[in-house]
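Protein sequence lines, in the order shown, are assigned to chains A and B. Each residue of the first sequence is one higher than the one before, starting from 109 at the first, in our numbering. Each residue of the second sequence is one higher than the one before, starting from 59 at the first, in our numbering. Notes follow the structure.
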Amino acid sequence: MLLSANNYDVIVIGAGHNGLTNAAFLAKAGLHVLVVEKNSYTGGATASRELYDGWKYSNSSYVCSLFRPEIYNALDLGRHGLKVIPLTSSMTFKQDGDYFGSYHNPNVRRRELMRHSMRDADAAIRFDADIMRWCKLIRNFLLRTPPDPGSFRPRDAFEFAYLMKKFHELSESKIYEFIRFFTMSIAEYLENYFENETILAHYSGGSIIGTGLGVYSPGTAYVALHHAMGDVDGNIGAWGFARGGMGAVSGALASALQAHGGEIRTDAEVAKILVSGNRTTGVRLTSGEELSAKIVVSNLDAKRTFTQIMDESDLPPKLVERARNFKIRGSSGKLNIALDGMPTFSSLPKGSPLTLGHMHFTDTLTRLEKAYDDWKDDRWSTDPYCDVLIPSQYDPSLAPPGKHMMTVFVQYCPVAPEGGWSDDKRDQFGQTVIDQIADYSPDFKNLILHAEIRTPRELEAEIGLTEGNIFQGELTFDQLLFNRPFPGYAQYRGPVRNMYMCGSSTHPGGGVMGAPGANAAREILRDLKKPDTTPAAFSDD
Amino acid sequence: MNIGHEHFRRALQHTPFHDRIAALSATEDWTGWNGYKVARVVDKLSTEYFAVRSGCAVMDLTPMEKYRITGNGAREYLDRLVTRNISKLRPGRVTYVIWCNDEGKVIDDGTLFQLGEYDYRLCAQHHQLDWLLMSATGFDVHIETETHDVAALAVQGPTSCSVLTAAGFDKLDQLKPFGIVDLQCKGIPVTVSRTGFTGDLGYELWVKPEDALNLWDAVFDVRGLYDIHAMGLDALEMVRIEAGFIMPGFDFNTAESTIRNGHDRSPFEVGLGWVVNLDKGHFTGRKALLAENSRPARRRLTKIVIDGNKPVREAFLYDRKNGEQVGEVKCATWSPVLKANLALADIDCVNGKLPPKLWARLDYQRELKWHTAWAECHVQSKPFYNPEHRSATPPPRF
Ligand SMILES: Cc1cc2nc3c(=O)[nH]c(=O)nc-3n(C[C@H](O)[C@H](O)[C@H](O)COP(=O)(O)OP(=O)(O)OC[C@H]3O[C@@H](n4cnc5c(N)ncnc54)[C@H](O)[C@@H]3O)c2cc1C
């Protein structure tokens, strides 16, 4: 057994963007921090890799909105090379050759809504106001540690009072609506506003992304909010591209971490978190090397943390039970495609700005629900919901001049099809997606130079996301706020002393947000009685 | 309205009058209004302002939202929708109305035109189809947006009646304020109402979009006899404040688009208690308004005159110089006819009453340097400017 000469204050397991955020704030506080990452690259689900010469893919996550500007600012990520360019639009192709476009210009957007339904164009104002109201409420809690509602400690009481105060800033009727909202399906929620089939389908898409639920499943309305609560430069709900792909986010975080004296070791997979006397002492790598540290932070999802890199005998049995039953179903796939040129889309007029944003091909709620039905039967959707973007139209660093990079997020893809995944099945899944896009773009197939196809199998194997769940755990109310990941463990502290969690499995959940990492850092610094280096939340008012 | 796939190429569409206004536009000072390109200033602000107050100003109103409400149940429906008792409204008459949500907060205001027995047009500031249709459940009504199918032109100012008469509108001088009449002008069928947003004598002309340019030409043909100017939104803003007209969505937040609790306003809070008839029978928001009416007022959108000549834009109001902050200016203008600073301000009440004294803190620039001045404010209950010729029938000839 090797014993490292280095003795760290903190070891963070995993160089996902949350691990890096966490480590950066701890290093900024003067702690001696090491991040150990199993892959040869950093970023986890927030990475850019060149798998085909000259092309850079955002291999997993591909658009940025949730990332907290407070963290960006506090870690000076702009000077570490990060730039987030706002995205302008989204659209849904219809099967009849028409399409619905949500254009960046509000006048054009409204007119396009009118083109499909005069009433929906007006209802969109009420919809936007309602969603914005819920966003504003929930944004208050992103950079705060959730209170433990069962505890009587002054801090929990204070946090709980804060939560209730914010909640009661809604009027009485809005409180009822908000509670309803949390328990509703996106389809039913949207039907309170819209009548047009395409518009309903268009606005539903965001609420099934990454989730093992369908548009008619209760709880999906919240997922829509989870995708709307971010912002780009104060523009709430807007999404953007990180220049250089999402790896630019983790790259800037890594650079900030190193600037504060932190270290990163890649190709260093942790086999076990070492515990002695109900206290962590360090980690053992799969190489057998042991690294000791006062504090160990896990960036892995809660299921993986407690069922794979910790000994069950070191843990309270109830927690092991919770971890085993943690809802972390994988439901998504991803294609990253190198293109020899810009594909054309038959139904779009020449010069349409809609190729600059999200493109979807599912134009009815029924098709969305059917896509879900396939997944429930352990099949990939034969008619999947795809979120397609071609970021190389903005970002010259992703592909050679005149060439393009397409990212395709696919919902739904099973954790394992019948008989399990094989490379052949993975490619068949990819082909289903390519065929769908080709139905709307005749020259698409001929432009394909290379494609990276990722199913939950690849996501789990490469990034360690259990079952390939993109959020490190389902975003349903039983796993949100003080329930994330489990009741009693929502304050980033693990069950043994000096062990913490900082991944998307913790509040406020999945997405490239940085908030779990920053919140966990705040708790660690608090326990160490060190000055807080994490930022306070910006206010919307 | 026929919207094609290419509409994205022009974020702001042209109104049916656009060609004529563009030809007159020396400033190219355009802005957006409900998806249309409209002039802020066509040529010169003071000329346009004085055209309304001394001659004749013409303004394109097409972007204003217009809804056609028809059917046997139209009157009952409208009676339920709006806060005002409209039982006296008759075909050929117009009335000013507001409507509220269940919490008694103002959704919007507008003018209601009764065109026929079961036929109404509702003109609104904001997009209302969603609310109008939601409110229609259980009523025998048909509601349609006709914003884009009816071109509208405001002809306003002391000589507007003379101008239109010379242009070929017969017997227009007999039309009373808030009256509507169908006339022909050089063969063009035009619906004329004696309405406007300027506080002066004035008319609004409603035509099919394809007749818009001919109508414009018919009016402007009279230019040899009378001075006529195309007018933009900036001049309208000045005259509407002088007239004491409020703009939902600008002077206060409209209910259905309000995000922050308490940022919407009741009719009483914006000085529109006079269009609320609590005893007319049930209407949407009545319960909440009854309750509110029995409590002392919390705040009030108030007309104030601000002493002195310092330009006013945004400003906080205080109960004394350097005192407690009690309100804020929502819109303001220097009035060239009154030589005074006029404003509408949202002011907190104490025990239902406005503070006895009001002071505005004005931040203004001189040669790029910021200065602060304190100015006393005086509450006005009447419109700041309300000339007699505005409501005389027949209007005096100019
Ligand atoms: C396909 C896909 C698309 C997505 N799209 C978006 C999007 O567009 N926008 C968005 O905001 N979010 C998106 N998400 C979600 C978002 O990417 C994740 O929620 C987020 O990146 C998770 O970050 P994290 O730091 O919490 O964890 P991770 O990124 O999962 O980091 C965990 C790290 O731990 C490492 N690791 C695992 N096991 C070990 C071990 N034993 N030893 C050492 N290291 C280990 C992993 O390699 C990884 O680097 C997407 C996710 C996926 C998978």
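From the three backbone atoms N, C-alpha and C, an ideal C-beta is built for every residue, glycine too.
- Looking only at B:Ser220, B:Gly254, B:Met192, the smallest Cα-Cα distance to B:Ala210 is reached by B:Gly254.
- Fewer than three pairs of CB atoms, one per stretch, sit closer than 8 Å, so the segment 518-537 of chain A makes no contact with the segment 424-435 of chain A.
- Across the segment 61-86 of chain B, CB contacts with chain A closer than 9 Å involve Ile61, Gly62, His63, Glu64, His65, Phe66, Arg67, Arg68, Ala69, Leu70, Gln71, in sequence order along the chain.
- Distance from the CA of A:Trp488 to the CA of A:Pro522, rounded to the nearest whole angstrom, comes to 6 Å.
- In the structure shown, A:Met272 falls within a helical segment according to DSSP collapsed to helix, strand and coil.
- Here the segment 283-290 of chain B lies against the segment 109-116 of chain B, with 3 or more beta-carbon pairs under 8 Å apart.
- For A:Ala446, the pairing in a beta bridge is given by DSSP as A:Met513, A:His558.
- Taking 6 Å as the cut-off, one finds at least one heavy atom of ligand 1 near enough to the beta carbon of A:Gly611.
- Residues of the segment 175-187 of chain B with a Cβ closer than 9 Å to any Cβ of chain A, in chain order: His184, His185, Gln186, Leu187.
- Distances from the CB of A:Asn577 to the heavy atoms of ligand 1 are all 6 Å or more.
- B:Ile405 sits in a strand when the DSSP states are folded into three classes.
- Taking a contact to require three or more Cβ pairs closer than 8 Å, the segment 215-223 of chain A and the segment 391-411 of chain A do not qualify as touching.
- At a cut-off of 7 Å between C-beta atoms, B:Glu123 does not count as an interface residue with respect to chain A.
- Here A:Trp488 carries a coil assignment [DSSP, helix/strand/coil].
- For A:Asn215, the neighbours in chain B by C-beta distance under 7 Å run, in chain order, Ala69, Leu70, Gly90, Gly93.
- 7 Å or more divides the Cβ of B:Thr89 from the Cβ of B:Asp118.
- With a threshold of 16 other beta carbon atoms within 10 Å, B:Met59 falls short and is exposed.
- DSSP links B:Asp166 through a beta bridge to B:Trp157.
- Within a 10 Å sphere around the beta-carbon of A:Arg605 sit fewer than 16 other beta-carbons, which makes this residue exposed.
- B:Thr89 sits in a strand when the DSSP states are folded into three classes.
- In the displayed model, A:His224 falls within a helix according to three-state DSSP.
- Taking CB atoms only, B:Asn319 has a neighbour in chain A less than 7 Å away.
- Here A:Asn248 carries a coil assignment [DSSP, helix/strand/coil].
- Look at A:Val171: its beta carbon is less than 6 Å from one of the heavy atoms in ligand 1.
- Per the C-alpha coordinates, the member of A:Ala644, A:Gln599, A:His615 positioned closest to A:Ser259 is A:Gln599.
- Judged by DSSP in its simplified three-state form, A:Ile632 adopts helix.
- Counting only Cβ-Cβ distances below 7 Å, B:Leu191 has contacts in chain A at Arg227, in chain order.
- Under the Cβ criterion (8 Å, minimum of three pairs), the segment 437-456 of chain B counts as touching the segment 291-307 of chain B.
- With a cut-off of 8 Å on Cβ pairs, the segment 340-352 of chain B is not in contact with the segment 413-429 of chain B, counting fewer than three such pairs.
- Scanning its chain for C-beta atoms nearer than 6 Å, with the 5 sequence neighbours on each side dropped, one finds around B:Glu161 the residues Ala346, in chain order.
- Around the beta carbon of B:Asp309, 16 or more other beta carbons lie within 10 angstroms, which makes this residue buried.
- The beta-carbon of B:Glu314 is placed less than 7 Å from the nearest beta-carbon of chain A.
- In the DSSP annotation of this structure, the continuous segment of the alpha helix (DSSP H) that includes A:Ala356 starts and ends at 355-367.
- Between B:Ala225 and B:Ala276, the C-beta gap is smaller than 7 Å, which places the two residues in contact.
- Setting aside the 5 residues that flank it on each side, A:Ser173 is surrounded in the same chain by Gly338, Asp339, Val340, Ala346, Trp347, Gly348, each with a C-beta closer than 7 Å to its C-beta; the list follows chain order.
- The alpha helix (DSSP H) runs lying completely inside the segment 551-622 of chain A and spanning 4 residues or more are 552-555, 564-571, given in chain order.
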